[in-house]
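Residue numbers (this note's numbering): 2 to 409.
Note that the Cβ used here is the ideal one computed from N, Cα and C, for glycine as well.
Computed from a prediction, not measured in an experiment: that's the story for all the values here.
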Amino acid sequence: MKKVVYKTALALAVTTVSTHLMANGVAINEQSASGMGTGFAGRSSSAQDASTVFGNPAGMSKLDRAQISGGFAVISANTDISNAQGSTSGTNDGDMVPVAAVPFGYYVRPLNDDWHFGLGVYVPFGVISDYEDSFQGRYHGLESEVQVVTLQPTLSYRVNDRVSIGFGPTINRIEGTLTSAVPVGPSDANVDIQGDDIGYGFNAGVLVDLSERVALGVTYHSSVDYTLEGRTRVSGFPAQLPVNGSYDATLDVTTPESVDVSLTYAHDERWTLYAGTTWTRWSQFDQLIIENENSPALFGTVEEELNWSDTWAFAFGAAYQITPEVVLRTGLAFDRSPTTDADRTVRIPVGNRKVLSLGAGWEATDNVTVDVAYAYLHEDQASVSYSDYSADYRNSAHGLSTQVTYSY
Numbered sequence: 002m003k004k005v006v007y008k009t010a011l012a013l014a015v016t017t018v019s020t021h022l023m024a025n026g027v028a029i030n031e032q033s034a035s036g037m038g039t040g041f042a043g044r045s046s047s048a049q050d051a052s053t054v055f056g057n058p059a060g061m062s063k064l065d066r067a068q069i070s071g072g073f074a075v076i077s078a079n080t081d082i083s084n085a086q087g088s089t090s091g092t093n094d095g096d097m098v099p100v101a102a103v104p105f106g107y108y109v110r111p112l113n114d115d116w117h118f119g120l121g122v123y124v125p126f127g128v129i130s131d132y133e134d135s136f137q138g139r140y141h142g143l144e145s146e147v148q149v150v151t152l153q154p155t156l157s158y159r160v161n162d163r164v165s166i167g168f169g170p171t172i173n174r175i176e177g178t179l180t181s182a183v184p185v186g187p188s189d190a191n192v193d194i195q196g197d198d199i200g201y202g203f204n205a206g207v208l209v210d211l212s213e214r215v216a217l218g219v220t221y222h223s224s225v226d227y228t229l230e231g232r233t234r235v236s237g238f239p240a241q242l243p244v245n246g247s248y249d250a251t252l253d254v255t256t257p258e259s260v261d262v263s264l265t266y267a268h269d270e271r272w273t274l275y276a277g278t279t280w281t282r283w284s285q286f287d288q289l290i291i292e293n294e295n296s297p298a299l300f301g302t303v304e305e306e307l308n309w310s311d312t313w314a315f316a317f318g319a320a321y322q323i324t325p326e327v328v329l330r331t332g333l334a335f336d337r338s339p340t341t342d343a344d345r346t347v348r349i350p351v352g353n354r355k356v357l358s359l360g361a362g363w364e365a366t367d368n369v370t371v372d373v374a375y376a377y378l379h380e381d382q383a384s385v386s387y388s389d390y391s392a393d394y395r396n397s398a399h400g401l402s403t404q405v406t407y408s409y
């Protein structure tokens with residue numbers, strides 16, 4: 002077995018710590034059930050509840066009472082693999098993503114007429130996937146479990162009757178586990194990687210009432226730098242290859258910055274229209290360098306080149322107020338993948354996507370509001386192509402979210 006094979010297997014496993022987090026297909030949007038109902042169109046220009054802490058911290062100035070808002074989203078994904086070819090045998094069952102729940106919670110309180118304080122806990126990135134052990138592409142990825150949990154204390158200030166600004170530092174914890182198989186004769190060896198770190202960033206926004214009917218919002222989510230520290234565990238190699246063992250590992254990675262710009266138009270007492278676009282700076286990923294300390298030369302320093310493109314996502318939504326207590330919502334979003342067939346991996350086999358959302362809000366009492374939303378995601382066919390494995394993927398997903406807001 003040549004040295005380059007071992008290095009490539011390790012590079013693929015470790016590199017996915019970043020690629021699995023920072024692809025549109027696995028970045029998490031579900032930080033609000035009320036926002037999900039409109040496909041997250043107008044997320045930075047409308048302050049429907051305390052979830053504006055994430056959507057646009059300036060929107061807290063629109064809340065005239067203290068609020069506690071929390072909920073979760075459940076995501077069920079489906080993957081069909083076809084036209085698989087490779088130099089090794091194996092299965093291609095697909096459906097490697099288990100059902101996952103994504104929680105979120107927010108608190109907002111007015112300090113006076115101009116200042117508001119808020120606190121948010123949410124998950125901006127995360128993924129869980131687990132191929133069968135006999136997967137034909139197992140040398141490029143088997144199990145992946147990565148998540149980022151963010152805590153965001155926030156302040157907003159009402160500049161005047163039309164303009165508000167907001168800012169909040171973010172404290173972000175990342176942790177992940179990744180596994181891959183390595184061919185060693187008639188059997189497979191295994192590479193298992195675990196690591197974690199805490200990184201810091203910020204979320205800032207401005208909200209402007211252009212008129213009594215039209216609001217413009219701009220939100221900036223900063224990039225966050227991490228140095229994941231953990232271990233690389235290698236097992237299953239023959240005794241004559243002294244590489245089995247556990248090694249200290251570090252990986253520098255940065256989650257991307259993004260800018261959300263949206264408009265909210267209150268057409269009349271019943272209809273409200275939303276539109277928004279999000280730019281994400283994927284192109285900042287040019288390479289990753291992984292350091293494995295006190296390891297054999299095979300697993301020393303590993304460099305992996307990445308090819309990413311900046312992307313624009315677009316969303317359009319509407320809300321219809323049936324009664325003073327009940328509102329219906331719908332939305333349509335379009336989101337491009339930052340990677341192509343030439344660079345796509347089995348861990349992130351995502352293509353360009355379309356998302357249709359439906360939602361509703363019910364003001365149960367003067368103090369309690371309940372929001373629910375459903376979304377269906379469909380992706381264009383996406384292909385992976387390695388020297389020893391290729392396949393076509395078709396991905397879809399169902400999402401269901403609920404949220405309860407208490408005002409006092």
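(request) Report the residue ranges of all beta strand (DSSP E) runs contained in full by the region 147-187; include only those spanning at least 3 residues, in chain order. (result) With a minimum length of 3 residues, the continuous beta strand (DSSP E) runs that stay inside the region 147-187 are 164-185.
(request) State the DSSP-derived secondary structure class of T251, mapped to helix, strand or coil. (result) DSSP places T251 in strand when its eight states are reduced to three.
(request) For the alpha helix (DSSP H) containing T324, list its first residue and its last residue. (result) In the DSSP assignment, T324 falls outside any alpha helix (DSSP H), carrying neither H nor E.
(message) Taking 6 Å as the limit between beta carbons, can you name the residues of its chain near P350, skipping five residues before and five after?
(response) Contacts found: A383, V385 and Y394.
(request) Could you please give the first and the last residue of the uninterrupted beta strand (DSSP E) stretch that includes A59? (result) Taken as a continuous stretch (DSSP letters only), A59 belongs to no beta strand (DSSP E), as it is neither H nor E.
(request) Compare the C-alpha of I129 against each of E146, F105, N368 and G119 and name the closest. (result) Taking only the C-alpha atoms, the option nearest I129 is E146.
(request) Report the three-state DSSP secondary structure of R139 (helix, strand or coil). (result) Annotated three-state conformation of R139 is helix, per DSSP.
(message) Tell me the rounded alpha-carbon separation between V54 and V262.
(response) Going by the C-alpha atoms only, they are around 16 Å apart.
(message) Tell me the DSSP secondary structure of Q241 in three-state form.
(response) Correct three-state label for Q241: coil.
(request) Alpha carbon to alpha carbon, how far is G400 from P99? Give it in angstroms, no decimals. (result) If you take the alpha carbons of P99 and G400, they lie about 13 Å apart.
(request) Indicate whether the contact test is met: 3 or more Cβ pairs, each with one atom in the region 185-197 and one in the region 156-170, closer than 8 Å. (result) No, the region 185-197 does not touch the region 156-170.
(message) For a minimum of 4 consecutive residues, which ranges assigned as the alpha helix (DSSP H) are wholly contained in the region 40-120?
(response) Those alpha helix (DSSP H) runs which fall completely within the region 40-120 and span 4+ residues are 53-56.
(request) Using the Cα positions of L264 and L211, report the straight-line distance between them to the nearest angstrom. (result) L264 and L211: Cα-Cα distance of roughly 10 Å.
(request) Rounded to whole angstroms, what's the CA-CA distance from V405 to A376? Just pull it up for me. (result) V405 and A376: Cα-Cα distance of roughly 18 Å.
(request) Quick one: using the 10 Å Cβ neighbour count with 16 as the cut-off for buried, is A392 buried or exposed? (result) Buried, because 16 or more other Cβ atoms sit within 10 Å of the Cβ of A392.
(request) Just the C-alpha distance for E230 and I175, rounded to the nearest angstrom, thanks. (result) Between the alpha carbons of E230 and I175 lies a gap of roughly 10 Å.
(request) Could you check the C-alpha separation between A51 and P339 for me, to the nearest Å? (result) Take the alpha-carbon of A51 and the one of P339: they are about 31 Å apart.
(message) Between G167 and S45, how many whole angstroms is the CB-CB distance? I'm expecting something under 8 Å.
(response) About 10 Å separates the Cβ atoms of G167 and S45, ruling out a contact at the 8 Å cut-off.
(request) Check the DSSP bridge columns for H399 and list the partner residues they point to. (result) Its beta-bridge partners are S77 and Y377.
(request) Identify which residue in P104, T233, R110 and N93 has its Cα closest to the Cα of P58. (result) Minimum Cα-Cα distance from P58 among the listed residues P104, T233, R110 and N93 corresponds to R110.
(request) Spell out the partners DSSP gives L275 in its beta bridges. (result) Residue identity check: residue 275 is Tyr in the sequence provided, not Leu. Paired residue(s): T265 and G318.
(request) Quickly, what does DSSP pair R345 with across the bridge? List them, please. (result) Residue pairing by DSSP leaves R345 without any beta bridge partner.
(message) Could you give the first and the last residue of the continuous alpha helix (DSSP H) run that contains A34?
(response) It spans A34 to M37 - the alpha helix (DSSP H) in which A34 sits, taken as one unbroken run.
(message) If you reduce the DSSP assignment to three classes, tell me which class S284 lands in.
(response) Helix, per DSSP.
(request) Please say whether P125 and V103 have beta carbons closer to each other than 8 Å? (result) Not closer than 8 Å, so no.
(message) Using 8 Å as the threshold, is the C-beta distance between E380 and S402 below it?
(response) For E380 and S402, no; Cβs fall outside 8 Å.
(message) Can you tell me whether Q195 is helix, strand or coil according to DSSP?
(response) Three-state DSSP puts Q195 in a strand.
(message) Suppose you measure from the CA of S90 to the CA of Q137; what does that come to, to the nearest Å?
(response) Going from the Cα of S90 to the Cα of Q137 covers about 6 Å.
(request) Whole angstroms is fine: what's the gap from G26's alpha carbon to A85's? (result) Note on G26: pLDDT 47, under 50, position unreliable in the model; the coordinate value appears next. Between the alpha carbons of G26 and A85 lies a gap of roughly 21 Å.
(message) On the DSSP bridge list, what partners appear for D372?
(response) Answer is G362 and Q404.
(request) Using a Cβ-Cβ cut-off of 8 Å, state whether Y275 counts as contacting chain B. (result) The chain inventory of the structure shown lacks chain B, comprising one protein chain alone.
(request) Can you give me the Cβ contacts of S88 inside the same chain, cut-off strictly under 6 Å, excluding the 5 residues immediately before and after it? (result) Counting only Cβ-Cβ distances below 6 Å, and skipping sequence neighbours, we find D389.
(request) Could you please give me the residues that DSSP links to R234 through a beta bridge? (result) D193 and S247, per the DSSP bridge assignment.
(request) Excluding the 5 residues preceding and the 5 following T178 in the sequence, name in chain order all residues of the same chain whose CB lies nearer than 8 Å to its CB. (result) Residues of the same chain with a CB within less than 8 Å of the CB of T178, apart from the 5 flanking positions on each side, are E144, S145, E146, V147, D193, I194 and Q195 in chain order.
(request) Check whether the Cβ atoms of A365 and V373 sit closer than 8 Å, and answer yes or no. (result) No, the pair does not count as a contact, with Cβ atoms beyond the cut-off.
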